[in-house]
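As you go down the protein sequences, you meet chains L and R in turn.
Here the first sequence stands for residues 1 to 541, numbered as in the UniProt record's numbering.
Here the second sequence stands for residues 1 to 541, numbered as in the UniProt record's numbering.
2 protein chains.
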Amino acid sequence: MAGIFQRSVKLRTVLRHQRLHRTFSSRKTARLSAVGLCGSFHKLPSGSWQFGATCQKLHTVADGPKPSAAEAPDRLPFSRVTQEDLAFFRKTLLGRAITDSDFLESSNVDWLKSVKGSSEVLLRPQNTKEVSQVLRYCNSRNLAVTPQGGNTGLVGGSVPVYDEIILSTALMNNILAFDNISGILTCQAGCVLENLSLYLEERDYIMPLDLGAKGSCQIGGNVATNAGGLRLLRYGSLHGTVLGLEVVLADGRVLDCLSTLRKDNTGYDLKQLFIGSEGTLGVITAVSILCPRKPKSVNLVFLGCETFEQLLKTFQLCRGMLGEILSAFEFLDSECMRLLNTHLKLPNPISDCPFYIVIETSGSNPTHDGQKLHNFLEEAMTSSLVTDGTVATEESKIKALWSMRERITEALTHDGFNYKYDISLPVERIYQLVTDMREHLGDQAKSVVGYGHIGDGNLHLNITSPAKDPALLGAIEPFVYEWTARCKGSISAEHGLGLKKRNYIYYSKSSQAVALMGNIKAILDPKGILNPYKTLPDALK
Amino acid sequence: MAGIFQRSVKLRTVLRHQRLHRTFSSRKTARLSAVGLCGSFHKLPSGSWQFGATCQKLHTVADGPKPSAAEAPDRLPFSRVTQEDLAFFRKTLLGRAITDSDFLESSNVDWLKSVKGSSEVLLRPQNTKEVSQVLRYCNSRNLAVTPQGGNTGLVGGSVPVYDEIILSTALMNNILAFDNISGILTCQAGCVLENLSLYLEERDYIMPLDLGAKGSCQIGGNVATNAGGLRLLRYGSLHGTVLGLEVVLADGRVLDCLSTLRKDNTGYDLKQLFIGSEGTLGVITAVSILCPRKPKSVNLVFLGCETFEQLLKTFQLCRGMLGEILSAFEFLDSECMRLLNTHLKLPNPISDCPFYIVIETSGSNPTHDGQKLHNFLEEAMTSSLVTDGTVATEESKIKALWSMRERITEALTHDGFNYKYDISLPVERIYQLVTDMREHLGDQAKSVVGYGHIGDGNLHLNITSPAKDPALLGAIEPFVYEWTARCKGSISAEHGLGLKKRNYIYYSKSSQAVALMGNIKAILDPKGILNPYKTLPDALK
Numbered sequence: 001m002a003g004i005f006q007r008s009v010k011l012r013t014v015l016r017h018q019r020l021h022r023t024f025s026s027r028k029t030a031r032l033s034a035v036g037l038c039g040s041f042h043k044l045p046s047g048s049w050q051f052g053a054t055c056q057k058l059h060t061v062a063d064g065p066k067p068s069a070a071e072a073p074d075r076l077p078f079s080r081v082t083q084e085d086l087a088f089f090r091k092t093l094l095g096r097a098i099t100d101s102d103f104l105e106s107s108n109v110d111w112l113k114s115v116k117g118s119s120e121v122l123l124r125p126q127n128t129k130e131v132s133q134v135l136r137y138c139n140s141r142n143l144a145v146t147p148q149g150g151n152t153g154l155v156g157g158s159v160p161v162y163d164e165i166i167l168s169t170a171l172m173n174n175i176l177a178f179d180n181i182s183g184i185l186t187c188q189a190g191c192v193l194e195n196l197s198l199y200l201e202e203r204d205y206i207m208p209l210d211l212g213a214k215g216s217c218q219i220g221g222n223v224a225t226n227a228g229g230l231r232l233l234r235y236g237s238l239h240g241t242v243l244g245l246e247v248v249l250a251d252g253r254v255l256d257c258l259s260t261l262r263k264d265n266t267g268y269d270l271k272q273l274f275i276g277s278e279g280t281l282g283v284i285t286a287v288s289i290l291c292p293r294k295p296k297s298v299n300l301v302f303l304g305c306e307t308f309e310q311l312l313k314t315f316q317l318c319r320g321m322l323g324e325i326l327s328a329f330e331f332l333d334s335e336c337m338r339l340l341n342t343h344l345k346l347p348n349p350i351s352d353c354p355f356y357i358v359i360e361t362s363g364s365n366p367t368h369d370g371q372k373l374h375n376f377l378e379e380a381m382t383s384s385l386v387t388d389g390t391v392a393t394e395e396s397k398i399k400a401l402w403s404m405r406e407r408i409t410e411a412l413t414h415d416g417f418n419y420k421y422d423i424s425l426p427v428e429r430i431y432q433l434v435t436d437m438r439e440h441l442g443d444q445a446k447s448v449v450g451y452g453h454i455g456d457g458n459l460h461l462n463i464t465s466p467a468k469d470p471a472l473l474g475a476i477e478p479f480v481y482e483w484t485a486r487c488k489g490s491i492s493a494e495h496g497l498g499l500k501k502r503n504y505i506y507y508s509k510s511s512q513a514v515a516l517m518g519n520i521k522a523i524l525d526p527k528g529i530l531n532p533y534k535t536l537p538d539a540l541k
Numbered sequence: 001m002a003g004i005f006q007r008s009v010k011l012r013t014v015l016r017h018q019r020l021h022r023t024f025s026s027r028k029t030a031r032l033s034a035v036g037l038c039g040s041f042h043k044l045p046s047g048s049w050q051f052g053a054t055c056q057k058l059h060t061v062a063d064g065p066k067p068s069a070a071e072a073p074d075r076l077p078f079s080r081v082t083q084e085d086l087a088f089f090r091k092t093l094l095g096r097a098i099t100d101s102d103f104l105e106s107s108n109v110d111w112l113k114s115v116k117g118s119s120e121v122l123l124r125p126q127n128t129k130e131v132s133q134v135l136r137y138c139n140s141r142n143l144a145v146t147p148q149g150g151n152t153g154l155v156g157g158s159v160p161v162y163d164e165i166i167l168s169t170a171l172m173n174n175i176l177a178f179d180n181i182s183g184i185l186t187c188q189a190g191c192v193l194e195n196l197s198l199y200l201e202e203r204d205y206i207m208p209l210d211l212g213a214k215g216s217c218q219i220g221g222n223v224a225t226n227a228g229g230l231r232l233l234r235y236g237s238l239h240g241t242v243l244g245l246e247v248v249l250a251d252g253r254v255l256d257c258l259s260t261l262r263k264d265n266t267g268y269d270l271k272q273l274f275i276g277s278e279g280t281l282g283v284i285t286a287v288s289i290l291c292p293r294k295p296k297s298v299n300l301v302f303l304g305c306e307t308f309e310q311l312l313k314t315f316q317l318c319r320g321m322l323g324e325i326l327s328a329f330e331f332l333d334s335e336c337m338r339l340l341n342t343h344l345k346l347p348n349p350i351s352d353c354p355f356y357i358v359i360e361t362s363g364s365n366p367t368h369d370g371q372k373l374h375n376f377l378e379e380a381m382t383s384s385l386v387t388d389g390t391v392a393t394e395e396s397k398i399k400a401l402w403s404m405r406e407r408i409t410e411a412l413t414h415d416g417f418n419y420k421y422d423i424s425l426p427v428e429r430i431y432q433l434v435t436d437m438r439e440h441l442g443d444q445a446k447s448v449v450g451y452g453h454i455g456d457g458n459l460h461l462n463i464t465s466p467a468k469d470p471a472l473l474g475a476i477e478p479f480v481y482e483w484t485a486r487c488k489g490s491i492s493a494e495h496g497l498g499l500k501k502r503n504y505i506y507y508s509k510s511s512q513a514v515a516l517m518g519n520i521k522a523i524l525d526p527k528g529i530l531n532p533y534k535t536l537p538d539a540l541k
């Protein structure tokens, strides 16, 4: 503690010298939650899909005659749930086959309230055997199934499009094992990310991923969508940290790849296929994951920059001077700050700037970390890369500062109808897309904001309008996708494709690659019952 | 430098206090090389394989009537290379279709000289287009192909079994791009790992992997075999660090997944399939990989322990106290030390102990790193976890100490015929296997040694005998595999399965998983021309 105190004094001196001020909010970080939001739904139009012929429409076009490629194709010829089916589910799941419409309401709609299905049954298995029994039955009956975790996704991947059966992992929430020497956690898919974090923190470890939706999202959904989040810069992607998966395939077979080994080169690494497959290849029922030690010291810095170029130079300086203790480097622009001020009444902790940076350090020695941070801040301010800033070392203040980054999504929902884009780009091009989009849209949009994970080259571009606006959408797309493709970027860095982005896959993947994905889908789910209308495009090129 | 000096003094004081001495060798680390070794070959016997019927035998059983499951099945009914085929290759590759027997000699045999093929043509394409032309032709002609990188593998995966055409990536050795902001390197598959390391070090970065064979092995082969090595503890596996691959499929189609983005969730992550597939699913022609910053400070510590339990406690202490700067934690036993002394004349840098530990730290601040190391060593010695040790901070001394770990493979080759096992286990069980094996074999073996990557739970168990000894092999196998399977370990942690271990896959993978691997092979290489007789078992359960 003496080290922290000493460091705080030093930093304060430096900051005062540079006319920085320390103004912390004591508000707690809000968590995203799928419960309690409301809004309007759009209905879903026609098209064709690769796994079957067109069928009876349940939804019609709501906004004009020309459907967007994001909207759903016609319902495929899956069976409809009968009384006999319900009897089987009720017998198998004993009180956990839900048909109550109030309960179904929240499971049928996504967190953004942008996609709504009309499923009439929600199944809540408690273990792998039950998942296997359900899927074997559904496959034999040609009943479509939408696996659902915390339902916090942003691309309409976790809700039914029509009457698909919802298979929730919420009751599969047991921790199966934790090895305190290796840091390897094994748990059921339905464990909520924040609960796992709390469990591990008591044992001096942390989860290798963290994201705004942690209070609701489940580890199975995180893996199925290859969630990125705030710690990817430091601990890497789930393709590296997930060591094993148990997956139930479409026909009910259980694929046991639930290894708890750091290294295993015996044949093809099949579990990788399911990481990021959005529930279209199998239902993840258990996960083993390598967890890092809990850092003994965490610091958060909130800085202001005059230009995006200075922000990038600050990133470079930071990587060199903070080195192995850098655990996050995030940014938001002044438009994000305006929305946080306006809609959530969160005041700017520093003076107004065009760009803001959130830097987190996590290390094993508070004194060393403080010294590294001090040296970095001194250099960043002396060389005029940053113009204002504030530092937090106490947990409540760290949470308050993090909320300036984590609550942007929430602030946006209060600004109007959201058009959300989650783009990977070479880091030096990231903000040019925001600038170009603003110029391109002119007065058509209410707000055009950019924020995201600089360290991962990941921009969250969001555009709002007072209400849903097909003309605005026509101006945004395909402009945003073409711009991204020209820079060899990805049109979905971490959100996945789900329902909304499935037909834009060709902007980031070759037709050879997409065709091969189709082949893999056909092997694992020949009837296409698992999460139909998601991830893969309606038609292969 | 003042920091280093100060630290050295401090450490020396501590070490003297604990009766540790500093005795460094100035010898340079030797590199493994495929050139210049000699030994005897065993010929390969009969069996059946999943992709075709049995055919004319080129090899016969050398050692008794009962073939081991490691030995090769009968030749499959691939076409034989004709004069027309050679004419095509010569026209396509212009002087790089080699039929000279001297040149072919070293490409037909593996580094251990344990497997020898009889290929009559070696193809050396320079670019992806040429690889594509060659494979399209071979696929249409039903000619089998063995892709070959640096040919440093230990399981017979990189050499032909019969007359397969050898497709070498050695001339595809260009660096295509390096982004100095993101640290993302893009290069052709044939770049030698050490050359990439040297290129990056000049630019203040390093490769995320390092292994003893770095002077010969190629990045394409590293990826194809999912090489682990000495830095995995810190930077994770290639499943996390490889960002993109370009792969030529069996029929000549080029699969472009050569993304240079840290995040890309547009569809299934196909490149993962090829990482660790040992050239059986496609030929990797280019790689993009995320490279860490070059550490500003590296220290190496060589310690001695009385028991394996103390070694494990030292590991736990080390993870807590060195935290984010720990970059390797390796071990060797006293039998390894004896072989290094005897066969390579490498003296023990400390006093004799039952177990030795090699710890590497890599960080951004020499003073901080030195302090952390000092604190750790003080604690380890005060609590009597370690009994002797030596520290190196200068590059030449670091290399000399590393050679005690890196040259064990070389020392083993001088001890007789090698039976090599590369096992993943829960870390607390690792050495029990060595002890049990010694007891089990009694006087049958010449040496039974254990070393490896404690931090990754990876044991290299090696057994030697004066000459190849079927009775000894019968005593080792399936004992070693059954022992490993009982602990839910992996029978190949990082070496892969290749020819030698293919039939042991079921000790670590379920029949469901292996069947799915077979399905994926059938999609990508329906004629089975790519690296036949490797990775997958002869018969599916």
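Using N, Cα and C, we set each Cβ at its ideal position, and we do this for glycine too.
None of these values were measured; they are calculated from a predicted model.
Check, Outcome
"Rounded distance between the beta-carbons of G304 of chain R and T367 of chain R, thought under 8 angstroms", "Rounded, the Cβ-Cβ distance is 27 angstroms, inconsistent with contact."
"Assigned secondary structure, T367 of chain R (DSSP; H/G/I helix, E/B strand, else coil)", "helix"
"Distance between K501 of chain L and L273 of chain L (C-alpha atoms, nearest Å)", "19 angstroms"
"Y451 of chain R, enclosing beta strand (DSSP E) - first and last residue", "447-453"
"Sequence ranges, beta strand (DSSP E) only - wholly within the segment 316-355 of chain L, length at least 3", "326-333"
"Helix, strand or coil at D251 of chain R [DSSP, three-state]", "coil"
"Supposed close pair R90 of chain L, G183 of chain L - CB separation, criterion 8 angstroms", "About 41 angstroms separates the two Cβ atoms, so there is no contact after all."
"CB contact below 8 angstroms: Y268 of chain R versus chain L", "yes"
"Endpoints, alpha helix (DSSP H) assigned at S107 of chain R", "101-108"
"CB-CB length for D110 of chain L against G156 of chain L, believed under 8 angstroms", "6 angstroms"
"Own chain partners of I454 of chain R with C-beta closer than 6 angstroms, once the 5 adjacent residues on each side are dropped", "F315, F329, F331"
"C-alpha gap between T54 of chain L and L76 of chain L, whole angstroms", "Its pLDDT being 29, under 50, T54 of chain L is placed unreliably in this model, and the value from its coordinates should be taken loosely. When rounded, the distance between both Cα atoms is 6 angstroms."
"Buried or exposed (CB count within 10 angstroms, at least 16 for buried), F103 of chain L", "exposed"
"Interface flag, E513 of chain L vs chain R, CB-CB below 8 angstroms", "Inspection of the sequence shows that residue 513 of chain L is occupied by Ala rather than by Glu. Cβ-Cβ to chain R under 8 angstroms: yes for A513 of chain L."
"Euclidean distance between Cα positions of T285 of chain R and N173 of chain L", "43 angstroms"
"8 angstroms Cβ cutoff, L459 of chain R in contact with chain L", "no"
"Meets three-Cβ-pair contact criterion under 8 angstroms: the segment 517-526 of chain L and the segment 514-526 of chain R", "yes"
"Touch test, the segment 113-126 of chain L against the segment 152-167 of chain L, Cβ-Cβ under 8 angstroms, three pairs minimum", "yes"
"Bridge-paired residues (DSSP) for A97 of chain L", "L:L123"
"Reduced DSSP secondary structure (H/G/I, E/B, other) of T146 of chain L", "strand"
"Chain L residues whose Cβ lies nearer than 9 angstroms to that of M207 of chain R", "The premise fails here: M207 of chain R is roughly 15 angstroms from chain L at the closest Cβ pair, so nothing lies under 9 angstroms."
"Per DSSP, cross-strand counterpart(s) of I357 of chain L", "L:L303, L:F331"
"Proximity winner among L:R407, L:G323, L:E395, L:F302, relative to M381 of chain L (alpha-carbon distances)", "L:F302"
"Residue(s) in a DSSP beta bridge with N462 of chain R", "R:K420, R:V449"
"Neighbour flag for H374 of chain L against chain R, beta carbons, 8 angstroms", "no"
"Extent of the continuous alpha helix (DSSP H) run through C138 of chain R", "128-141"
"Three-state secondary structure (DSSP) of R396 of chain L", "Arg is not the amino acid found at residue 396 of chain L; the sequence shown has Ser there. S396 of chain L falls in the helix class under three-state DSSP."
"Spatial distance of A363 of chain R from I275 of chain L (CA atoms)", "A small correction: the amino acid at residue 363 of chain R is Gly; Ala does not occupy that position in the sequence shown. In a straight line, the C-alpha of G363 of chain R is about 32 angstroms away from that of I275 of chain L."
"Reduced DSSP secondary structure (H/G/I, E/B, other) of L243 of chain R", "strand"
"Below-8 angstroms beta-carbon distance, C257 of chain L vs any chain R residue", "yes"
"Which listed residue (R:I463, R:G496, R:A189) has its alpha carbon closest to that of Y451 of chain R", "R:I463"
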